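S.K.:
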Amino acid sequence: MPIDYSKWDKIELSDDSDIEVHPNVDKSSFIRWKQQSIHEQRAKRNQDIKNLEFQLEMNSRLNKRVDKLLKDLPDQELVDLDIVRKTLNANFDKTEKGEGDNVDPDMPPYNEMVEDLIEQLQNDAKKEGKDPGDGSVIRSMIQQHRAKIDNVSEQARQKLEELYQEKRNLISSEDIHTGFEKSFVNKASEKEDKEGRFLPRKADAPNDIVLPSPPQTFIEYQDDIMKLAPETEEFGKIPETDLKASETFLLNHLPIISEQQKDALMMSAFEYQMAGEEAMARRVIHQSELLAYIREIYEMKKIPHLQVKELSEVIKMFFEKVMFNKSNEMGKKSFLESVNAKIEHVKQRVKVIEQEEEQEGVETIQLKSLDDSVKLEVNLPDFESTQHEEQLKQAAFNKLPVQMQDAVRSQSLDRINEVFADMPIEEAEKVLDLLNEGNIIAVNALLEDENEFRELQEQYHNEQGIEDLSIDENSKVQSEGQSSPTSTDGFVSTSEVVD
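The sequence shown begins at 1 in the UniProt record's numbering and counts up by one.
See the structure below:
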């Protein structure tokens, strides 16, 4: 059978006795130089790998803390270093810091590094002429810094992959594993020995050279915290009753046991619950809680990276001591209580979300005055008059719904707004057009929302301070409708969301 010699091309040799050199160059000296060069390059490559791995791990730890602050703290608390410190210490180990052979022992813990970052950003904001006490400014600067870190991390990951590939392509003595660790070999029977000597050698002989493979890392999608890896999604579909299948799957897919994947799986329960798939919602919550418990136990060991042996031992111990322990089921009971609590939380939260969605878009037009000192005046038609203008008013008034006619006759703004509150937005707009057509209540402006009304009101008061304006008492505002040119008249109507 043909023999593949290609793998020998990858061996990185440091002592080539057959090398050809220039006659004026001492051969033994050249070989020593080459040996030294290869060893130095190999040591530098290994050191670069360690440095990049540590850099990625450190950035990941810092990003988790920054994301937590951005998510949980409002702007006014984000600039308060005491609140920042308490929040970090309540959610993360305040003593956790980088560890490694080349890590500065005086390196501060990750929590302190995040505090220092915010303090530095406040100083930078002050130098740039910005308000360091403005939480929105600091939040924006943190987000910009966060984006830079993600960019640096991506470049580090690419460089690390190149170094892994280079290491895989060059086999050194440290990568060769012997096939036998014993000093004796069991003698086969004479018949087996005679038959065996003519059999072809097996391809998976134990003295084959084993190429190194890059270490496994936890799956963390920094750009999309809701993103699920395909393996995590598959794990979420395992029935909660099949615990053995869950254990086996986790042992074969260690990288999914990350904080980000655990949270993303938990959040998918909301989608299932909102879609009416309660069984799937319960299932993914159960599986997410498995990830949470195992992750928490593993973090207690303070191991910064994914170590296959240690994490595998944690998984086996958890299922043996908690899920499969028939003599003491308190651990499993506590686990299931946590699952049920989260299921109820998801159900209640989904109900609130659905109620909010039902209320969204239900609008009602409400008349408001730009000037609190100005009262609404309604121009009621003269029902006895035969003048053309008054007859037009009468015609427009008669087209109004009966409830609105009664409200207009009362000349009460509250009564008119109560009638508007019970009208669909389309009907209310038609009523406004009739009021405008008959010059009963003139409507000259349509604003987008309440904020635009406040801006118009502020503009109105500013103009009042400059000159005496002639105020028409009617204009209109609508929250989520079509907009038309606005005016600075004395009255507007605003559309509000009602419960």
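Using N, Cα and C, we set each Cβ at its ideal position, and we do this for glycine too. All values reported here derive from a predicted model rather than from experimental measurement.
So which of N63, S136, D67, I219 has the shortest CA-CA distance to V79?
M.R.: Taking the sequence shown and counting its residues from 1, one reaches residue 79 at position 79. Closest option to V79, Cα to Cα, is S136.
S.K.: Between I297 and V314, which are expected to be in contact by the criterion C-beta below 8 Å, what is the C-beta distance as a whole number of angstroms?
M.R.: On the sequence shown, residue 297 is found 297 positions in, with the first residue counted as 1. On the sequence shown, residue 314 is found 314 positions in, with the first residue counted as 1. Between V314 and I297 the Cβ distance is about 5 Å, and since that is below 8 Å, they are a contact.
S.K.: G276: buried (16+ other C-beta within 10 angstroms of its C-beta) or exposed?
M.R.: Here residue 276 refers to the residue found at position 276 when the sequence shown is read from its first residue. That one is exposed.
S.K.: With 16 other CB atoms within 10 Å as the buried threshold, where does V346 fall?
M.R.: The sequence position of residue 346 within the sequence shown is 346, counting from 1. V346 should be labelled buried.
S.K.: Does the separation of the CB atoms of L367 and L413 fall below 8 Å?
M.R.: Position 367 of the sequence shown, counting from 1, holds the residue named residue 367. Position 413 of the sequence shown, counting from 1, holds the residue named residue 413. Taking 8 Å as the Cβ cut-off, L367 and L413 qualify as a contacting pair.
S.K.: Can you find at least 3 beta carbon pairs, one from the stretch 262-272 and one from the stretch 62-76, that sit closer than 8 Å?
M.R.: Too few Cβ pairs lie closer than 8 Å, so no.
S.K.: Helix or strand or just coil, what does DSSP make of Q366?
M.R.: Position 366 of the sequence shown holds residue 366. Reduced to three states, the DSSP call for Q366 is strand.
S.K.: What residues in its chain sit with their C-beta under 7 Å from that of F420, if we drop five residues either side in the sequence?
M.R.: Here residue 420 is taken as the residue at index 420 of the sequence shown, counted from 1. T364, I365, Q366, A428, listed in sequence order.
S.K.: Pick helix, strand or coil for L73, following the three-state DSSP scheme.
M.R.: Within the sequence shown, residue 73 is the residue found at index 73, counting from 1. In the structure shown, L73 sits in coil (DSSP, three-state: anything other than H, G, I, E or B).
S.K.: If you run the structure through DSSP and keep just helix, strand and coil, what is D48?
M.R.: Residue mapping note: residue 48 aligns to position 48 of the sequence shown, counting from 1. Three-state result, D48: helix.
S.K.: Distance check for M323 and L291, CA to CA, integer angstroms please.
M.R.: Numbered from its first residue, the sequence shown carries residue 291 at position 291. Numbered from its first residue, the sequence shown carries residue 323 at position 323. In a straight line, the C-alpha of L291 is about 13 Å away from that of M323.
S.K.: Report the three-state DSSP secondary structure of L228 (helix, strand or coil).
M.R.: Your numbering for residue 228 matches position 228 in the sequence shown. DSSP places L228 in coil when its eight states are reduced to three.
S.K.: I'd like the span of the alpha helix (DSSP H) that includes R425, first residue to last.
M.R.: Here the question's residue 425 lines up with position 425 in the sequence shown. The amino acid at residue 425 is misidentified as Arg; the sequence shows Ile. Note, I425: alpha helix (DSSP H), 425-437.
S.K.: In whole angstroms, give me the CA-to-CA distance for S288 and R85.
M.R.: Looking up residue 288 in the sequence shown gives position 288. Looking up residue 85 in the sequence shown gives position 85. Looking at the two C-alpha atoms, the distance is approximately 29 Å.
S.K.: At a cut of 8 Å, does the stretch 278-287 reach the stretch 233-240 through at least three beta carbon pairs?
M.R.: In short, these stretches touch, since the Cβ pair count reaches three.
S.K.: With 16 as the cutoff for other CB atoms within 10 Å, does G129 come out buried or exposed?
M.R.: What you label residue 129 is simply residue 129 of the sequence shown in a count that begins at 1. By the 10 Å Cβ count, G129 comes out exposed.
S.K.: For a quick check, are the C-beta atoms of V378 and V408 less than 8 Å apart?
M.R.: Your numbering for residue 378 matches position 378 in the sequence shown. Your numbering for residue 408 matches position 408 in the sequence shown. Cβ distance < 8 Å, so V378 and V408 count as in contact.
S.K.: Could you tell me the distance, in whole angstroms, from the CA atom of D382 to the CA atom of K399?
M.R.: Walking along the sequence shown from the start, residue 382 turns up at place 382. Walking along the sequence shown from the start, residue 399 turns up at place 399. In a straight line, the C-alpha of D382 is about 16 Å away from that of K399.
S.K.: Are I256 and I219 close, meaning C-beta to C-beta below 8 Å?
M.R.: What you label residue 256 is simply residue 256 of the sequence shown in a count that begins at 1. What you label residue 219 is simply residue 219 of the sequence shown in a count that begins at 1. Their beta carbons are under 8 Å apart, which means I256 touches I219 by this criterion.
S.K.: Please say whether F54 and V103 have beta carbons closer to each other than 8 Å?
M.R.: What you label residue 103 is simply residue 103 of the sequence shown in a count that begins at 1. What you label residue 54 is simply residue 54 of the sequence shown in a count that begins at 1. The answer is yes: Cβ separation under 8 Å.
S.K.: Since A147 contacts L52 with CB under 8 Å, what's their CB separation in whole angstroms?
M.R.: Here residue 147 corresponds to residue number 147 of the sequence shown, with the count starting at 1. Here residue 52 corresponds to residue number 52 of the sequence shown, with the count starting at 1. No, A147 and L52 are not in contact; Cβ-Cβ is about 20 Å, not under 8 Å.
S.K.: Using the beta-carbon count (16 or more within 10 Å), is Q261 buried or exposed?
M.R.: Counting from one through the sequence shown, the residue named residue 261 turns up at place 261. Looking at its Cβ environment, which holds 16 or more other Cβ atoms inside 10 Å, Q261 is buried.
S.K.: Which same chain residues end up closer than 8 Å to D131 when comparing Cβ atoms and leaving out the 5 residues on each side of it in sequence?
M.R.: The residue given as residue 131 occupies position 131 in the sequence shown. Cβ within range, chain order: A125, V137.
S.K.: Taking DSSP as the reference, what is the three-state secondary structure of S136?
M.R.: In the sequence shown, residue 136 corresponds to position 136, counting from 1. In the structure shown, S136 sits in a helix (DSSP, three-state: H, G or I).
S.K.: Quick one: Cα of I229 to Cα of L254, how far?
M.R.: Here residue 229 refers to the residue found at position 229 of the sequence shown. Here residue 254 refers to the residue found at position 254 of the sequence shown. Sequence inspection shows Ala at residue 229; the Ile mentioned does not correspond to that position. Distance between the alpha carbons of A229 and L254 is about 12 Å.
S.K.: Skipping 5 residues on each side, what residues in its chain have a beta carbon closer than 8 Å to that of Q216?
M.R.: What you label residue 216 is simply residue 216 of the sequence shown in a count that begins at 1. Counting only Cβ-Cβ distances below 8 Å, and skipping sequence neighbours, we find L254, P255, L306, V308.
S.K.: Quick one: using the 10 Å Cβ neighbour count with 16 as the cut-off for buried, is T87 buried or exposed?
M.R.: Reading the sequence shown from its first residue, position 87 is the one you call residue 87. Buried is the call here.
S.K.: Please classify S153 as buried or exposed, where buried requires at least 16 neighbouring CB atoms within 10 angstroms.
M.R.: Sequence index remark: in the sequence shown, residue 153 carries index 153 (1-based). Buried, because 16 or more other Cβ atoms sit within 10 Å of the Cβ of S153.
S.K.: Would you tell me roughly how many angstroms separate the C-alpha atoms of D116 and F249, rounded to the nearest one?
M.R.: Position 116 of the sequence shown, counting from 1, holds the residue named residue 116. Position 249 of the sequence shown, counting from 1, holds the residue named residue 249. D116 and F249: Cα-Cα distance of roughly 41 Å.
S.K.: To which residues of the same chain is Q122 closer than 6 Å at the C-beta, ignoring the five residues directly before and after it?
M.R.: By one-based count along the sequence shown, residue 122 stands at place 122. These residues qualify, in order along the chain: P132.
S.K.: I need the straight-line Cα distance from K326 to E310, nearest angstrom please.
M.R.: Sequence index remark: in the sequence shown, residue 326 carries index 326 (1-based). Sequence index remark: in the sequence shown, residue 310 carries index 310 (1-based). The straight-line gap from Cα to Cα measures roughly 25 Å.
S.K.: Quick check: the Cα distance between I425 and E247, rounded to an integer number of angstroms?
M.R.: For the purposes of this step, residue 425 is taken as the residue at position 425 of the sequence shown. For the purposes of this step, residue 247 is taken as the residue at position 247 of the sequence shown. Answer to the nearest angstrom: the Cα atoms are 56 Å apart.
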